[in-house]
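Data block below; observations after.
In our numbering, the protein residues as written are 159 to 295.
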């Protein structure tokens with residue numbers, strides 16, 4: 159069996175990748191990282207010991223959700239790991255996302271990883287959960 163993680167070029171994906179490595183270790187299986195971003199996936203400063211990782215570069219593809227689902231089915235994966243953004247209730251209703259599509263259509267259990275609150279508070283952009291900029295003054 160396999161753990162599949164969907165990653166792209168953002169902080170949420172990086173956190174999902176780190177958690178997916180831990181999940182693969184816990185389950186004693188390999189990890190397939192479906193890279194949907196434009197940049198190559200780097201494992202540079204991440205402890206990947208004990209986990210066999212396969213990276214599939216699929217950036218620029220038309221329907222990312224279908225690509226991830228196809229990999230889950232082809233590899234008979236047992237878990238999907240995704241990174242999710244913190245959104246306001248209105249943002250969740252109005253904006254569709256890859257994460258939402260994967261949550262709703264995945265044929266296997268999904269582990270959704272949120273960015274830790276302390277990472278958000280120390281962000282260079284100084285944004286509140288939901289992507290609303292803080293206004294001071």
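Note that beta-carbon positions come from the ideal geometry of N, C-alpha and C, so glycine has one too. Keep in mind it's a predicted model, so treat the numbers as computed, not measured.
Spell out the partners DSSP gives residue 214 in its beta bridges.
Per DSSP, 192.
Is the separation between the beta-carbon of residue 209 and that of residue 235 shorter than 8 Å?
Contact flag unset, no.
Give me, in chain order, the residues of the same chain whose beta-carbon lies closer than 7 Å to that of residue 177; leave out the 5 immediate sequence neighbours on both sides.
Hits under 7 Å: 239, 269, 271.
Just grab the DSSP bridge partners of residue 241 for me.
In DSSP, residue 241 forms a bridge with 271.
Mapping DSSP to helix, strand and coil, what is residue 164?
In this structure, residue 164 counts as strand in the three-state DSSP scheme.
Straight-line CA distance for residue 159 to residue 265?
Cα-Cα distance, rounded: 14 Å.
Apart from the five residues just before and just after residue 227, which ones in its own chain have a Cβ nearer than 8 Å to its Cβ?
Only residues of its own chain outside the window of five on either side were considered, and among them 260, 263, 264, 265 have a CB closer than 8 Å to the CB of residue 227, listed in chain order.
According to DSSP, is residue 184 part of a helix, a strand, or is it coil?
Residue 184 falls in the helix class under three-state DSSP.
Delimiting residues of the alpha helix (DSSP H) encompassing residue 255:
Careful: residue 255 lies outside any alpha helix (DSSP H) and carries neither H nor E.
Using 10 angstroms around the beta-carbon of residue 194, count the other beta-carbons present and answer buried if the total reaches 16, otherwise exposed.
Within a 10 Å sphere around the beta-carbon of residue 194 sit 16 or more other beta-carbons, which makes this residue buried.
State the start and end residues of the unbroken alpha helix (DSSP H) segment that holds residue 198.
First-last for residue 198: undefined, no H or E at that position.
When the Cα atoms are used, what is the spatial distance from residue 214 to residue 207?
C-alpha separation (whole angstroms): 19 Å.
Taking the C-alpha atoms as reference points, what is the distance between residue 288 and residue 167?
Low confidence applies to residue 288: its pLDDT is 47, below 50, so where it sits in the model is not reliable, and the reading given next is rough at best. Approximately 19 Å between the Cα atoms of the pair.
8 Å Cβ cutoff met for residue 163 and residue 196:
Going by beta carbons, residue 163 and residue 196 fall outside the 8 Å limit.
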